[in-house]
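In the working numbering, the protein residues as written are 14 to 115. C-beta atoms are modelled at their ideal positions from N, C-alpha and C, and glycine is treated no differently.
Rendered as structure tokens:
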């Protein structure tokens, strides 16, 4: 699609904080001339270099883990059982009358 000129993304829509190396790589990948486009090995190396230069994301410990370091009493009290119908046979609910033996 790129070689025929059908696919050409608007590079002005890239975020301003996009690393210059990634912007250059994108420009090479969508070059109209096949010979000027980056090879896969070049793309892989460039992406790995860019990923190493980006800041690392540090995940925080979630609040329940901080506050629940030991078991607490309320964790062991179960909820009351819901009330069930007294007649739990098949014919107890008239909406589902079958008219025959099941």
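message: Measuring straight from C-alpha to C-alpha, what distance separates residue 56 and residue 73?
response: Cα to Cα, residue 56 sits roughly 32 Å from residue 73.
- prompt: Where residue 23 and residue 30 are concerned, what is the direct C-alpha to C-alpha distance, given to the nearest angstrom?
  reply: Using only the alpha carbons, I get a separation of about 16 Å.
field: Length of the line joining the Cα atoms of residue 60 and residue 17
entry: Approximately 26 Å, taken between the alpha carbons.
- prompt: Can you give the Cα-Cα distance for residue 49 and residue 25, rounded to whole angstroms?
  reply: Residue 49 and residue 25 have their C-alpha atoms some 21 Å from each other.
message: What would DSSP say about residue 44, mapped onto helix, strand or coil?
response: Reduced to three states, the DSSP call for residue 44 is coil.
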